[in-house]
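One line per chain: the protein sequences are U and H, in this order. Residue numbers 8 to 244, in the numbering used here, belong to the letters of the first sequence in order. Residue numbers 8 to 244, in the numbering used here, belong to the letters of the second sequence in order. Idealized CB from N, CA, C, for every residue including glycine. This one's a predicted model, so the numbers in the text were calculated from it and none came from an experiment.
Number of protein chains: 2
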Amino acid sequence: MRVLITSGGTTEKIDSVRGITNFATGTLGKLLAEQFLAANHTVILLAGLTALVPDAHPKLTIIKISDVTSLISNITKWTPLSDVCVHTMAVSDYKPVYMTDLDTVKQTPNLTDLLSKHNLEHKISSQQDYQVLFLKKTPKVIAMIKDLNPTIILIGFKLMVDVPTEQLIQTARQSLMTNKADYILANDLNTISETQHLGLLVSQHDIMEVQSKHDIAALIVSKSEETYDNYHDCRNR
Amino acid sequence: MRVLITSGGTTEKIDSVRGITNFATGTLGKLLAEQFLAANHTVILLAGLTALVPDAHPKLTIIKISDVTSLISNITKWTPLSDVCVHTMAVSDYKPVYMTDLDTVKQTPNLTDLLSKHNLEHKISSQQDYQVLFLKKTPKVIAMIKDLNPTIILIGFKLMVDVPTEQLIQTARQSLMTNKADYILANDLNTISETQHLGLLVSQHDIMEVQSKHDIAALIVSKSEETYDNYHDCRNR
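Here is the structure:
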């Protein structure tokens with residue numbers, strides 16, 4: 008199979024020296040890439056700038072991703088060429104539009120006017136006591152994938168923080184529907200540490216529980232292979 | 008000499024999954040640490056979470072720094088114990104206070120009221136089209152160093168973007184005065200790449216030009232040693 012994996016986090020620039028970033032080490036994406044490679048599949052890894060990546064391998068291509076725009080352009084290119092997409096990346100859901108000082112914001116009668124402004128300076132001044140940053144929602148990357156390739160097997164991730172298991176499952180089911188995903192790995196930041204990583208791999212009819220990053224990666228590899236085989240068996244009958 | 012080096016960037020959390028970060032790879036801090044170690048000095052390296060760091064060495068201690076608060080607590084601890092401080096770190100000059108949606112901000116008559124609010128949710132919702140983030144200035148870390156240890160040799164960094172050389176020098180001189188620094192390395196993002204790193208090491212009476220990260224590190228090591236020797240010679244006379 009040709010497997011597209013996204014890992015790490017994106018960073019949206021505020022100016023030349025600052026940005027908003029989503030925290031993600033890329034550990035799970037690295038493990039996934041290694042396990043897919045070990046099972047003899049071809050891997051394209053779209054990795055955030057500071058994400059951990061596997062050692063070089065003849066069947067591995069690593070592409071560094073800075074922000075949502077660069078992620079979308081690579082997803083658009085690689086999704087049609089892939090059989091499986093595992094989208095672990097922590098994608099920025101907002102990007103900076105304009106940053107200015109608090110007094111300017113207070114003196115602006117209609118705040119919507121500030122949304123069409125742009126910072127022209129390369130490095131925004133740090134003289135003022137307070138700054139105000141206006142942010143705009145970014146496109147949902149996971150929602151684009153099945154449109155780019157309706158037969159791709161899509162595994163998405165849903166990270167929540169301190170929620171009951173029922174809510175994790177419900178949110179994962181919602182994401183399955185909305186994004187036409189085959190599986191969603193739902194996890195809670197509170198049950199992720201260096202030594203454990205609780206996860207629920209949720210499909211339309213099933214929920215599988217896993218305890219570690221290693222087991223999450225192994226389960227995703229085996230479920231991808233199983234789904235791929237079923238799909239291709241059906242087509243060949 | 009006992010040398011305290013800060014390197015990489017700090018990140019200020021917005022919530023459990025997002026933060027504002029200053030871009031810095033830690034390359035120069037790593038080189039500085041290696042060159043001070045090679046000259047047989049003892050190094051404490053305060054390094055941002057994603058900063059590059061040198062290999063282990065018997066005279067090297069590496070401490071990971073997440074945000075400005077953790078930087079200040081380590082600077083307060085280590086500055087009185089050090090002879091030299093090379094402060095290369097890209098420190099967040101603003102930290103998040105409160106993030107909310109644009110409609111809420113529009114409906115708040117006095118925006119100052121929002122500055123005393125805090126986000127109670129662990130992961131701020133990404134439903135709204137626009138969000139507004141209020142940021143507050145952080146304390147200037149470089150300004151604390153000479154107060155913590157008046158005899159420390161302080162080398163600061165001033166990164167600007169796309170400015171004339173005259174302005175670089177003037178800003179460096181200003182920083183020398185304000186922060187009671189012995190040297191300021193002034194540099195411009197536009198003349199930094201993988202292969203070059205133009206810098207001006209500015210002291211009260213001198214300006215030295217360097218062309219690469221390696222030369223910047225070498226010059227800082229030799230100037231630190233020279234200043235240390237002069238200072239201790241004077242005291243022993």
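Would you tell me roughly how many angstroms separate the C-alpha atoms of residue i and residue j, rounded to the nearest one?
| i | j | result |
| --- | --- | --- |
| residue 235 (chain U) | residue 15 (chain U) | 26 Å |
| residue 38 (chain H) | residue 85 (chain H) | 20 Å |
| residue 218 (chain H) | residue 148 (chain H) | 27 Å |
| residue 198 (chain U) | residue 179 (chain U) | 17 Å |
| residue 48 (chain H) | residue 216 (chain U) | 52 Å |
| residue 239 (chain U) | residue 159 (chain U) | 12 Å |
| residue 203 (chain U) | residue 225 (chain U) | 15 Å |
| residue 195 (chain U) | residue 95 (chain U) | 14 Å |
| residue 112 (chain H) | residue 187 (chain U) | 35 Å |
| residue 208 (chain H) | residue 214 (chain H) | 6 Å |
| residue 146 (chain U) | residue 107 (chain U) | 24 Å |
| residue 173 (chain U) | residue 103 (chain H) | 31 Å |
| residue 150 (chain U) | residue 171 (chain U) | 25 Å |
| residue 28 (chain U) | residue 232 (chain H) | 39 Å |
| residue 183 (chain H) | residue 189 (chain H) | 7 Å |
| residue 163 (chain H) | residue 155 (chain H) | 15 Å |
| residue 220 (chain H) | residue 45 (chain H) | 16 Å |
| residue 56 (chain H) | residue 87 (chain H) | 24 Å |
| residue 80 (chain U) | residue 35 (chain U) | 23 Å |
| residue 227 (chain H) | residue 51 (chain U) | 42 Å |
| residue 114 (chain H) | residue 114 (chain U) | 15 Å |
| residue 185 (chain H) | residue 206 (chain U) | 52 Å |
| residue 26 (chain U) | residue 42 (chain H) | 31 Å |
| residue 98 (chain H) | residue 76 (chain H) | 11 Å |
| residue 22 (chain H) | residue 21 (chain U) | 18 Å |
| residue 116 (chain H) | residue 177 (chain U) | 38 Å |
| residue 83 (chain U) | residue 67 (chain U) | 19 Å |
| residue 131 (chain H) | residue 89 (chain U) | 33 Å |
| residue 237 (chain U) | residue 157 (chain U) | 16 Å |
| residue 8 (chain H) | residue 181 (chain H) | 27 Å |
Less than 9 Å separating the beta-carbons of residue i and residue j?
| i | j | result |
| --- | --- | --- |
| residue 53 (chain H) | residue 18 (chain H) | no |
| residue 63 (chain H) | residue 33 (chain H) | no |
| residue 192 (chain H) | residue 152 (chain H) | no |
| residue 135 (chain U) | residue 144 (chain H) | yes |
| residue 161 (chain U) | residue 92 (chain U) | yes |
| residue 78 (chain H) | residue 69 (chain H) | no |
| residue 230 (chain U) | residue 200 (chain U) | no |
To the nearest whole angstrom, what separates the beta carbons of residue i and residue j, a pair I think is in contact under 8 Å?
| i | j | result |
| --- | --- | --- |
| residue 129 (chain U) | residue 169 (chain H) | 5 Å |
| residue 138 (chain H) | residue 109 (chain H) | 7 Å |
| residue 30 (chain H) | residue 10 (chain U) | So it is not a contact: roughly 31 Å between Cβ atoms. |
| residue 100 (chain H) | residue 133 (chain U) | 4 Å |
| residue 40 (chain U) | residue 61 (chain U) | 5 Å |
| residue 105 (chain H) | residue 121 (chain H) | 5 Å |
| residue 142 (chain U) | residue 140 (chain H) | 6 Å |
- Whole runs of the beta strand (DSSP E) within the segment 185-236 of chain U, excluding any shorter than 3 residues: Entirely contained in the segment 185-236 of chain U, the beta strand (DSSP E) runs reaching 3 residues are, in chain order, 190-195, 206-209 and 214-217.
- Relative to chain H, which residues along the segment 130-145 of chain U have a C-beta separation below 8 Å, given in chain order? Residues 130, 133, 135, 136, 137, 138, 139, 140, 141, 142, 143 and 144.
- Members of the segment 162-185 of chain U that neighbour chain H once the beta carbon cut-off is set at 8 Å: From the segment 162-185 of chain U, only 166, 167, 168 and 169 have a Cβ closer than 8 Å to chain H.
- Message: Under 9 Å, CB to CB, which of the residues in the segment 106-122 of chain U have a partner in chain H?
- Response: In summary, the residues of the segment 106-122 of chain U whose CB is separated from some CB of chain H by less than 9 Å are 106, 109, 112, 113, 117, 118, 119 and 122, in the order they occur in the chain.
- Query: Just by C-beta distance, which residues in the segment 189-218 of chain H are closer than 8 Å to chain U?
  - Reply: Listed by position, the residues of the segment 189-218 of chain H near chain U (Cβ gap below 8 Å) are 196.
- Task: Mind listing, in chain order, the continuous beta strand (DSSP E) runs of no fewer than 3 residues lying wholly within the segment 31-97 of chain U?
- Result: Qualifying beta strand (DSSP E) stretches, in chain order: 49-55, 67-72 and 91-94.
- For the segment 17-29 of chain H, which residues have a beta carbon sitting closer than 9 Å to at least one beta carbon of chain U? Within the segment 17-29 of chain H, the qualifying residues are 18, 20, 21, 22, 23, 24, 25, 26, 27, 28 and 29.
- Message: Taking beta-carbon pairs under 7 Å, can you tell me which members of the segment 80-103 of chain U lie near chain H?
- Response: If the cut-off is 7 Å between Cβ atoms, the segment 80-103 of chain U has 97, 100 and 101 near chain H.
- Item | Short-range partners of chain U found in the segment 50-81 of chain H, where Cβ spacing is below 8 Å | Cβ contacts with chain U: 57.
- Message: Quick check for students: name the residue ranges of the beta strand (DSSP E) that lie wholly in the segment 84-158 of chain H, counting only runs of 3 or more.
- Response: Within the segment 84-158 of chain H, the complete beta strand (DSSP E) segments of 3 residues or longer fall at 91-94, 101-108 and 137-144, listed in chain order.
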